[in-house]
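Anchor point for the sequence shown: position 389 equals 389 in our numbering, and the numbering is continuous, going up by one each time. Where is the CB? At the ideal position from N, CA and C, for every residue including glycine.
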Amino acid sequence: MKNTRNKYACLTNIKMILFPFYLFLIIFHNFAYGKPLPYHLVENIALACGSTGKNTTTPDGRSWDGDDNNSIFFHTLEGQNNASVGLPSDLNQRVEDPYKTARLSHSEIKYTIPVVSGPKFIRLHFYASQYGKFDPSKAFFTVKAGQYTLLRYFSTSFSSEDIIVKEFCVTVEHSNLTVTFAPDFSNREAFAFVNGLEVVSMPVDLYFWNQKTAGSLKIIGQDGLYYFNNHTALETVYRLNVGGREIPPSQDTTGFYRKWEGIGSENDYLTKEAWRSTEPVLQANINLRFTAIEDFIAPEDVYRTARSMGADKNANKKYNLTWEFPVDSGFQYMVRLHFCEIVAVMNETGYRLFSIFISNQTAEKPFDVIRWSGGIYVPYYKDYIVLMDIPKKKKLNLSIALQANPDDTMTLFTDAILNGVEIFKLSDFNGNLAGLNPDLVPQAKQPNQPFRKLGNHLAKIIGISIGVVCCVVLLCVIGYLFLRQGRKFKSSGRNSFSSTKSSKTGESSLPFDRCRYFSLAEIIDATNNFEDSFIIGVGGFGNVYKGHVNNGTFPVAIKRLKPESSQGVHEFKTEIETLSHLRHRHLVSLIGYCNEGREMILVYEYMANGTLRDHLYNTGNPPLSWKQRLEICIGAAHGLHHLHTGTKYTIIHRDVKTTNILLDEKWVAKVSDFGLSKTGSANMSKGYLTTVVKGSVGYLDPEYYKRQQLTEKSDVYSFGIVLCEVLCGRQPIVRTAEKGQVSLAEWVQSCYQKGTLREIIDPYLTSNIVPECLKKYGELAVQCMLDNGTERPSMKDIVWSLEFAMQLQQNAEGNGAIGENIVKTMAEEEVTLLKNYSNDSDGSSICSWAYTTESKCSAMTKMISSSQQGSTGDDSRKGMSETVFSEITDYPNGR
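In structure tokens form, the structure reads like this:
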């Protein structure tokens, strides 16, 4: 027995010693023959939703499990109205699992899937068909996976295809992945459904790059770099085997069950010129060589086919080989291009040089496949990040263009080549991947579906019934119009708020006399039944539509609450009550509202030039001049100053940002969106309001966030961020930026302290801002963002400082001089302006923040006091710009 144990121990030791050599031989064998080690799928879950089957194997070899037989993934909630429905027998024979059955519900459908943390594929399968009593045209729902919104208001009616597969890549940080399908609760008939659900694990470096493992990605058209993190999600928009056949999921040799579109689909994306001029290139017998396991990210067939420009050098110089892919506007995309030099040339560089353009911007120039890959028959891929964002457009064309090298002396082949394309949509800051739905497509296949055919006799009955119903409806409408004359408002529906009435007067607490009530019929008529082409903006409250009221003669902006909005009844009522009592040149005017049925709608004056952000960055609009930007900031500051001191009670906006500053046709700035505003007491005895923290990320006052104590200075901090955006032409938070530049506030403060502020301003403004104006403006922005709220300037001080910055700019431009003379002139004018604008006899309220040294403040105070003794009203404004300071005297003294 002892000898046996010794013998076993000896063999074990030998195995352990030889194991590294065995492993080396396996890896060497796989590299030598071009077959990398397969990735082990930790999760390989495929659910046929609504099915009771177990391990149903489809012809492609994939095994699908049902979710209806005590499934560990799906649990029916108490009171949940859901159903598992199969297709009619004639249609059942046409499709395979998972499309034979579906899970449908008028309430939420939830799957909880236990997984190991890490990146996963999520695939959603939908089959557009009639399921029992469920009408497919009523299917409108939102899909979420953990913290990510994958689809919003999704419907199969938006597609002309019967079978729709949506693929996403997400990172799961916990032991469970929850996928929910929630119908549009604003429509009682709406339901959610799903036919199939896949969850498949993947290597972390398959698509998710990160700084530690793979560096960073180049952002096309920008100097910055993009870094992936655990909160980035991707949607597969296109995956194309260029010049080759379609590769079904079962033939994805990597084992991830990905589908690659083939040449049939590729022809739809090629431009006409490229489609006529090129031919696919096929090298089926080549022996691919993989230089590393990481290269094996696509099936071998992808690298065995390609498309080139052709053999005619002169013809190749006259056009670009171009593909155009429709994508959702407002998102960043990762474009992965696959290359493999499959022409039997010497294994040297310089044989095929060409340029790559993505979205009409240079990505590579020149590009050499052999140089980058390391040789012929060696697969290689390259990733790029591109922003596709044009306001008010739902779809854009993401173009990929290859240009042959025009210099024949530099390249053997005046040609370009591409083997494969993958395009992924990247989630935004809120984890959202859902873009605006396309326009509805006609359901051309409906007549061929037997369950939708009606007999002639039934059609006649329906026709007569419709006639009767129409008559009844007409009579009801006439009666309703008569009844409505005696009332102004009726609150109804689960989202409506009650109009409480005074016991003395019987009048509603809502301000009927200050804004108009619109019927839902009027709103529908103004927006053509909320047609998507009328959308001019999207916010936290919901979509904003441009409409026309008063028989189409008066343009308005119509904001409609969406069901899943984070805002709701309280914000809706707050907006009405706040804006109905405010009338000011720099505050957007509320014209009226609608609160009927399930709809909550606000109607504002139409602002022709949109939001301030629309003209600062990520936009196709021409850049604003520096003086335009200053005027807009001055106008917005006027509006906020009126809120803080120009009304009976202090109003704190609580959501000041560039998207809430609107511009009319004359570029007059107006503050908007008062859904989060808070009204304080007349004297604000405590100096603050204790309230739950609300606001927008990047603009939120740190002091308010920490202490939950809201003051007017919280608006001042947010306005300081706006000033930084206006100056730098950049959003407040950029997660992909370099260290120290993620937060615009911190970056501006750091550069101001170092004296390098001019280096980070919008390049368009570099030569347009005079140094004195930039210094004053930068000082103001930094003061607004001080940690201690009491040290920040008031909105009155901000108005003055911005007006003074404008005066500095105008005087320098008018005199054509910058330097000591300008500074001296401005110092003299500053004394006069301080004297006229200060409410305090000694000017200390302004000096306390405008100057950093006691000597300056003291000297300025004395100069103001002495000048006041010999000045009277009109003389005190001598030398001031009448246009710049014309509105100062319109303001109340405040409290």
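Inset, instruction - Kindly list the residues whose CB is nearer than 6 Å to the CB of E828, restricted to its own chain and excluding five residues on each side of it in sequence; keep chain order. - result: To locate residue 828, count along the sequence shown from 1; it is residue 828. Caution is warranted here: a pLDDT of 42 is assigned to E828, below 50, making its placement in the model unreliable, and the coordinate value is therefore given only provisionally. None.
Legend entry - C-alpha distance - K776 paired with K694, whole-angstrom precision: Looking up residue 776 in the sequence shown gives position 776. Looking up residue 694 in the sequence shown gives position 694. So the alpha carbons of these two residues sit roughly 31 Å apart.
Inset, instruction - Rounded to whole angstroms, what's the CA-CA distance from S580 to Y593? Just pull it up for me. - result: Counting from 1 along the sequence shown, the entry for residue 580 is found at position 580. Counting from 1 along the sequence shown, the entry for residue 593 is found at position 593. Cα to Cα, S580 sits roughly 10 Å from Y593.
Inset, instruction - Could you check what DSSP says for L624 in three-state terms: helix, strand or coil? - result: Mapped onto the sequence shown, residue 624 falls at position 624. Looking at L624 - three-state DSSP - the assignment turns out to be coil, as it is neither helix nor strand.
Inset, instruction - Whole angstroms is fine: what's the gap from P763's alpha carbon to R730's? - result: Along the sequence shown, one-based indexing puts residue 763 at 763. Along the sequence shown, one-based indexing puts residue 730 at 730. Distance between the alpha carbons of P763 and R730 is about 11 Å.
Inset, instruction - Tell me, please, which residues DSSP counts as bridged to G420. - result: Here residue 420 refers to the residue found at position 420 when the sequence shown is read from its first residue. For G420, the pairing in a beta bridge is given by DSSP as N241 and H338.
Inset, instruction - Can you say whether S84 is buried or exposed, counting buried as having 16 or more other CB atoms within 10 angstroms of its CB? - result: Position 84 of the sequence shown, counted from the start, is the residue given in the question as residue 84. Burial call: buried.
Inset, instruction - Assign R735 to buried or exposed, taking buried as 16 or more other Cβ atoms, counted over all protein chains shown, within 10 Å of its Cβ. - result: Translated into positions along the sequence shown, residue 735 becomes position 735. Exposed: under 16 other Cβ atoms inside 10 Å.
Inset, instruction - Have a look at the DSSP bridge pairing and note the partners of W260. - result: Residue numbering aside, residue 260 sits at position 260 when the sequence shown is read from its first letter. Looking at the DSSP output, W260 sits in a beta bridge with I247.
Inset, instruction - From the DSSP output, in three-state form, read off M600 for me. - result: Counted from its first residue, the sequence shown places residue 600 at position 600. In the three-state reduction of the DSSP assignment, M600 falls in the strand class.
Legend entry - C-beta atoms of F424 and Y148 nearer than 8 Å: Indexing the sequence shown from 1 puts residue 424 at position 424. Indexing the sequence shown from 1 puts residue 148 at position 148. In this structure, Y148 does not lie closer than 8 Å to F424 by Cβ.
Inset, instruction - Check each candidate in V165, P622 and F141 and name the one with the smallest Cα separation from R613. - result: To locate residue 613, count along the sequence shown from 1; it is residue 613. Of V165, P622 and F141, the residue nearest in Cα terms is P622.
Legend entry - C773 in three-state terms, based on DSSP: One-based indexing of the sequence shown puts residue 773 at position 773. The three-state secondary structure of C773, taken from DSSP, is helix.
Inset, instruction - Please determine, among P59, D65, E422 and E43, the residue with the shortest C-alpha to C-alpha distance to S51. - result: Counted from its first residue, the sequence shown places residue 51 at position 51. The candidate whose alpha carbon is nearest that of S51 is D65.
Legend entry - Residues near F429 by beta carbon distance below 8 Å, same chain, minus five either side: The sequence position of residue 429 within the sequence shown is 429, counting from 1. Hits under 8 Å: V697, I733 and R735.
Legend entry - Given 8 Å, three or more beta-carbon pairs between the segment 359–367 and the segment 297–307: With a cut-off of 8 Å, the segment 297–307 and the segment 359–367 do not count as touching, because too few Cβ pairs lie within range.
Inset, instruction - Tell me the start and end of each unbroken alpha helix (DSSP H) in the segment 150–215 that is at least 4 residues and wholly inside, in chain order. - result: 211–214, all fully within the segment 150–215.
Inset, instruction - Classify N551 as buried or exposed, calling it buried when 16 or more other Cβ atoms lie within 10 Å of its own Cβ. - result: Position 551 of the sequence shown, counting from 1, holds the residue named residue 551. Exposed is the call here.
Legend entry - Cβ pair count under 8 Å reaching 3, the segment 118–128 against the segment 156–173: Contact holds: three or more Cβ-Cβ distances are below 8 Å.
Inset, instruction - Below 8 Å CB to CB, which residues in the same chain sit around G539 once its five sequence neighbours on both sides are set aside? - result: As a working note, residue 539 is residue 539 in the sequence shown. The answer, listed in chain order, is K559, T659 and D673.
Inset, instruction - Would you decide whether S160 is buried or exposed? Buried here means 16 or more other CB atoms lie within 10 Å of its CB. - result: Counting from 1 along the sequence shown, the entry for residue 160 is found at position 160. Label assigned to S160: exposed.
Legend entry - Residue nearest to Y896 in terms of C-alpha spacing, selected from P59, I163, R258 and S399: There is no way to answer for residue 896, as the model of the chain reaches only from 1 to 895.
Legend entry - Cutoff 7 Å; reference G639; Cβ partners in own chain excluding five residues on either side: Taking the first residue of the sequence shown as position 1, residue 639 is located at position 639. The answer, listed in chain order, is H584, H586, L587, K670 and V671.
Legend entry - Where the alpha helix (DSSP H) through Q753 begins and ends: Taking the first residue of the sequence shown as 1, we reach residue 753 at position 753. Run containing Q753: L744 to K754, per the alpha helix (DSSP H) assignment.
Inset, instruction - On a CA-only basis, which of L662, C724 and G680 is nearest I896? Give me that one, please. - result: Summary: the structure shown does not reach residue 896, with the chain confined to residues 1 through 895, and so no result is reported for it.
Inset, instruction - Can you tell me the Cβ-Cβ gap for K678 and G789, rounded? I've got them flagged as a contact below 8 Å. - result: One-based indexing of the sequence shown puts residue 678 at position 678. One-based indexing of the sequence shown puts residue 789 at position 789. Cβ atoms of K678 and G789 stay farther apart than 8 Å, at about 15 Å.
Inset, instruction - Look up P136 in the DSSP assignment and say whether it is helix, strand or coil. - result: By 1-based counting over the sequence shown, the position of residue 136 is 136. Correct three-state label for P136: helix.
Legend entry - Endpoints, the beta strand (DSSP E) within which Y377 is located: Counting from 1 along the sequence shown, the entry for residue 377 is found at position 377. Going by DSSP, Y377 is part of no beta strand (DSSP E) at all; its letter is neither H nor E.
Legend entry - DSSP beta-bridge partners of K425: In the sequence shown, residue 425 corresponds to position 425, counting from 1. By DSSP's assignment, K425 forms a beta bridge with E235 and Y333.
Legend entry - Given 8 Å, three or more beta-carbon pairs between the segment 174–191 and the segment 216–230: Proximity of the segment 174–191 to the segment 216–230 falls short of the contact definition, fewer than three beta-carbon pairs being nearer than 8 Å.
Inset, instruction - Indicate whether A557 and M607 have their beta-carbon atoms separated by less than 8 Å. - result: For the purposes of this step, residue 557 is taken as the residue at position 557 of the sequence shown. For the purposes of this step, residue 607 is taken as the residue at position 607 of the sequence shown. Between A557 and M607, the C-beta spacing is below 8 Å.
Legend entry - Segment contact flag, the segment 382–390 with the segment 326–344, C-beta cutoff 8 Å, min 3 pairs: Taking 8 Å as the limit for Cβ pairs, the verdict is that the segment 326–344 does touch the segment 382–390.
Inset, instruction - With DSSP as the reference, label E605 as helix, strand or coil. - result: One-based indexing of the sequence shown puts residue 605 at position 605. Assignment of E605 by DSSP, reduced to helix, strand and coil, places it in the strand class.
Legend entry - Which of helix, strand or coil DSSP assigns to P732: Position 732 of the sequence shown, counting from 1, holds the residue named residue 732. Judged by DSSP in its simplified three-state form, P732 adopts coil rather than helix or strand.
Legend entry - Strand pairing of I113, partner residues [DSSP]: The residue you call residue 113 lines up with position 113 of the sequence shown. Listed as beta-bridge partners of I113 by DSSP are L177.
Legend entry - Residue(s) in a DSSP beta bridge with M388: For the purposes of this step, residue 388 is taken as the residue at position 388 of the sequence shown. Partner(s): F331.
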